[in-house]
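Peer 1: Input: one structure, supplied below.
In our numbering, the protein residues as written are 244 to 601.
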């Protein structure tokens with residue numbers, strides 16, 4: 244029997260100010276490839292500093308009570324290009340302009356100029372370092388195929404589905420190399436699912452199942468509405484009903500879903516009863532720290548519509564844009580909220596255990 248409301252993270256943690264100069268995302272999307280922000284060191288000192296930043300991210304998560312942790316993505320400028328730039332077939336020297344995220348913004352993006360191929364381990368040493376430095380169960384994240392295709396100008400395949408399936412096959416090889424080290428969770432980040440519900444149905448699930456094929460770890464997909472940016476609308480599309488119904492038929496074990504910031508109705512969880520849901524209860528963009536009691540109420544509301552043993556407490560998204568102190572405080576509030584919710588669930592004088600039906 245799984246414990247209800249286990250605390251976990253989506254992936255990224257803030258980078259220490261001595262490691263990285265974090266520039267806010269701009270509307271043109273120039274930081275889509277981490278071009279605006281940069282490391283403050285280079286060579287061996289950078290590598291050693293990244294190791295220390297990972298140790299710090301581990302400590303910050305564990306001391307806040309997070310049960311399933313990540314390395315905070317401390318070595319990655321961006322979640323996407325850290326992986327794709329190491330695959331064959333991608334060119335980040337000559338960028339192209341492309342409207343991405345369903346026309347939300349015009350961005351400078353890399354190009355696919357040949358067959359997408361896995362050339363060898365990319366994140367494997369990072370995962371090995373994480374496992375060596377913690378006894379907690381860990382998750383490791385990789386970009387999902389639809390998000391890679393949306394974030395790239397295709398100058399080779401000429402067909403999105405074909406491109407996405409090639410990306411999925413290549414990233415699946417990386418996932419299998421990671422799987423051999425024994426992480427608890429391998430997560431594929433698909434923020435663009437929220438923008439393209441029709442494409443999710445047409446080929447997004449097919450590509451997701453391909454990238455997650457044959458893994459022993461629990462597989463997860465992360466869906467969100469992407470980071471807020473000055474001067475760029477962050478439309479909250481009513482796409483979850485369609486996406487969650489599609490994800491229910493996928494082979495993926497866990498869904499890491501943004502719920503808190505857009506104030507989505509937890510009743511949506513009735514659409515994915517077989518999945519473990521990492522329920523977003525922390526706003527990753529607002530520096531105001533959530534109240535633990537409010538988090539507990541959100542989790543208990545979710546438990547009205549979903550088996551509490553298949554609910555985990557998580558932030559909406561990665562915490563990279565927050566300060567380290569704010570991220571720590573939010574994760575501590577998450578842990579306390581989950582504890583309050585567990586206590587209320589098991590207390591017969593509290594809420595009745597189980598689902599309620601209208």
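Cβ coordinates follow ideal geometry from the N, Cα and C atoms, glycine included.
#1: Quick check on the DSSP output: the alpha helix (DSSP H) that includes residue 538 runs from which residue to which?
#2: Using a Cβ-Cβ cut-off of 6 Å (strictly less than) and excluding sequence neighbours within five positions of residue 354, which residues of its own chain qualify?
#3: Between which two residues does the alpha helix (DSSP H) carrying residue 513 extend?
#4: Does the stretch 319-333 come within contact of the stretch 568-580, defined as at least 3 CB pairs closer than 8 Å?
#5: Under 7 Å Cβ to Cβ from residue 298, same chain only, skipping five residues before and after it: list those, please.
#6: With distances taken Cα to Cα, identify the nearest neighbour of residue 528 among 246, 256, 251 and 304.
#7: Counting along the chain, where does the alpha helix (DSSP H) carrying residue 571 start and finish?
#8: On a CA-only basis, which of 366, 359 and 246 is nearest residue 407? Give me that one, please.
#9: So residue 437 and residue 466 are supposed to be a Cβ contact under 8 Å. How far apart are they, rounded?
#10: Taking the beta strand (DSSP E) that residue 383 belongs to, which residues open and close that run?
#11: Could you check where the alpha helix (DSSP H) with residue 406 kicks off and where it finishes?
#12: Determine the extent of the beta strand (DSSP E) in which residue 326 is found, giving its start and end residues.
#13: At the level of alpha carbons, what is the spacing between residue 552 and residue 461?
#14: Using only the alpha-carbon positions, how far apart do residue 326 and residue 588 sit?
#15: Between which two residues does the alpha helix (DSSP H) containing residue 295 stretch?
#16: Please report the distance separating the alpha-carbon of residue 273 from that of residue 352.
#17: Cα-Cα, which of 384, 366 and 392 is closest to residue 356?
#18: Give me the Cα-Cα distance between residue 362 and residue 535, rounded to the nearest whole angstrom.
#19: So, are the CB atoms of residue 548 and residue 512 less than 9 Å apart?
#20: Identify the residues that DSSP records as bridge partners of residue 429: which are they?
#21: Could you check the C-alpha separation between residue 496 and residue 342 for me, to the nearest Å?
#22: Once DSSP output is grouped into helix, strand and coil, what is the label at residue 247?
#23: Measuring only from the beta carbon, is residue 554 closer than 8 Å to any heavy atom that is part of the ligand ZN?
#24: Residues in its own chain within less than 7 Å of residue 517 by CB, not counting five upstream and five downstream?
#25: Between which residues of its own chain and residue 404 is the CB-CB distance below 6 Å, once the five residues before and five after are set aside?
#26: Secondary structure at residue 343, three-state DSSP: helix, strand or coil?
#27: Among 488, 522, 514 and 415, which residue has its Cα nearest to the Cα of residue 504?
#28: Can you look up residue 252 in the DSSP assignment and give me helix, strand or coil?
#29: When you compare only the Cα positions, how much space is there between residue 382 and residue 581?
#30: Quick one: residues in its chain with C-beta nearer than 7 Å to the C-beta of residue 307, no 5 flanking neighbours on either side, listed in chain order?
#31: Report yes if the CB atom of residue 384 is closer than 9 Å to the CB atom of residue 520, and no otherwise.
#32: Got a sec: is the Cβ-Cβ distance from residue 400 to anything in chain D below 9 Å?
#33: Can you check which of these residues, 564, 584, 483 and 590, is closest to residue 260 by C-alpha distance?
#34: If you follow the alpha helix (DSSP H) that residue 488 is part of, which residue opens it and which one closes it?
Peer 2: On the basis of the data shown:
#1: The residue you call residue 538 lines up with position 295 of the chain shown. Unbroken alpha helix (DSSP H) run through residue 538: 535-546.
#2: Counting from one through the chain shown, the residue named residue 354 turns up at place 111. Once the five neighbours on either side are set aside, the close Cβ partners of residue 354 are 334, 339, 396 and 398.
#3: Mapped onto the chain shown, residue 513 falls at position 270. In the DSSP annotation of this structure, residue 513 is not part of any alpha helix (DSSP H), being labelled neither H nor E.
#4: Counting Cβ pairs under 8 Å, fewer than three are found: no touch.
#5: Counting from 1 along the chain shown, the entry for residue 298 is found at position 55. Answer for residue 298: 376, listed in chain order.
#6: Stepping through the chain shown from its first residue, residue 528 is reached at position 285. Taking each of 246, 256, 251 and 304 in turn and checking the Cα distance to residue 528, the smallest one comes out for 256.
#7: Reading the chain shown from its first residue, position 328 is the one you call residue 571. It spans 567-589 - the alpha helix (DSSP H) in which residue 571 sits, taken as one unbroken run.
#8: Translated into positions along the chain shown, residue 407 becomes position 164. Ranking 366, 359 and 246 by Cα distance to residue 407 puts 359 first.
#9: Stepping through the chain shown from its first residue, residue 437 is reached at position 194. Stepping through the chain shown from its first residue, residue 466 is reached at position 223. A Cβ-Cβ separation of about 6 Å places residue 437 in contact with residue 466 under the 8 Å criterion.
#10: Position 140 of the chain shown, counting from 1, holds the residue named residue 383. Note, residue 383: beta strand (DSSP E), 382-386.
#11: Here the question's residue 406 lines up with position 163 in the chain shown. Per DSSP, residue 406 is one residue of the alpha helix (DSSP H) stretching across 403-422.
#12: Taking the first residue of the chain shown as 1, we reach residue 326 at position 83. Counted as a single uninterrupted DSSP element, the stretch harbouring residue 326 is not any beta strand (DSSP E) but the alpha helix (DSSP H) occupying residues 324-327.
#13: Indexing the chain shown from 1 puts residue 552 at position 309. Indexing the chain shown from 1 puts residue 461 at position 218. Cα to Cα, residue 552 sits roughly 15 Å from residue 461.
#14: Taking the first residue of the chain shown as position 1, residue 326 is located at position 83. Taking the first residue of the chain shown as position 1, residue 588 is located at position 345. In this structure, the alpha-carbon of residue 326 lies about 41 Å from that of residue 588.
#15: Along the chain shown, read from residue 1 onward, the residue named residue 295 stands at position 52. 286-307 is the extent of the alpha helix (DSSP H) around residue 295.
#16: Counting from one through the chain shown, the residue named residue 273 turns up at place 30. Counting from one through the chain shown, the residue named residue 352 turns up at place 109. For residue 273, the pLDDT reaches just 44, beneath the cut-off of 50, and the residue's location in the model is therefore unreliable, although a value from the coordinates is still provided. One C-alpha to the other measures close to 8 Å.
#17: Locating residue 356 in the chain shown gives position 113, where the first residue counts as 1. Of the candidates 384, 366 and 392, 392 places its Cα closest to the Cα of residue 356.
#18: One-based indexing of the chain shown puts residue 362 at position 119. One-based indexing of the chain shown puts residue 535 at position 292. Each residue's alpha carbon lies about 45 Å from the other.
#19: Numbered from 1 along the chain shown, position 305 holds the residue referred to as residue 548. Numbered from 1 along the chain shown, position 269 holds the residue referred to as residue 512. In contact: residue 548 and residue 512 (Cβ atoms closer than 9 Å).
#20: Counting from one through the chain shown, the residue named residue 429 turns up at place 186. Note: residue 429 is bridge-paired with 383 and 462 in the DSSP secondary-structure output.
#21: Indexing the chain shown from 1 puts residue 496 at position 253. Indexing the chain shown from 1 puts residue 342 at position 99. For residue 496 and residue 342, the distance between alpha carbons rounds to 32 Å.
#22: The residue given as residue 247 occupies position 4 in the chain shown. For residue 247, the secondary structure class from DSSP, reduced to helix, strand or coil, is coil.
#23: With respect to small molecules bound, the structure shown includes none, and the ligand ZN cannot be examined in it.
#24: In the chain shown, residue 517 corresponds to position 274, counting from 1. Excluding the 5 residues flanking it on each side, residue 517 has same chain C-beta neighbours closer than 7 Å at 491, in chain order.
#25: By 1-based counting over the chain shown, the position of residue 404 is 161. Excluding its 5 nearest sequence neighbours in each direction, residue 404 has C-beta neighbours in its own chain below 6 Å: 446, listed in chain order.
#26: In the chain shown, residue 343 corresponds to position 100, counting from 1. Note: residue 343 maps to strand in three-state DSSP.
#27: Along the chain shown, read from residue 1 onward, the residue named residue 504 stands at position 261. Distances from the CA of residue 504 to each of 488, 522, 514 and 415 were compared; the closest alpha carbon is that of 522.
#28: Locating residue 252 in the chain shown gives position 9, where the first residue counts as 1. Note: residue 252 maps to coil in three-state DSSP.
#29: Along the chain shown, one-based indexing puts residue 382 at 139. Along the chain shown, one-based indexing puts residue 581 at 338. Taking the CA atoms as reference points, residue 382 sits about 19 Å from residue 581.
#30: Mapped onto the chain shown, residue 307 falls at position 64. Cβ neighbours of residue 307 beyond the five flanking positions: 571, 574, 575 and 578.
#31: Looking up residue 384 in the chain shown gives position 141. Looking up residue 520 in the chain shown gives position 277. Their beta carbons are not under 9 Å apart, which means residue 384 does not touch residue 520 by this criterion.
#32: The chain inventory of the structure shown lacks chain D, comprising one protein chain alone.
#33: The residue you call residue 260 lines up with position 17 of the chain shown. Closest option to residue 260, judged by alpha-carbon separation, among 564, 584, 483 and 590: 564.
#34: Along the chain shown, one-based indexing puts residue 488 at 245. Start and end: 483-491.
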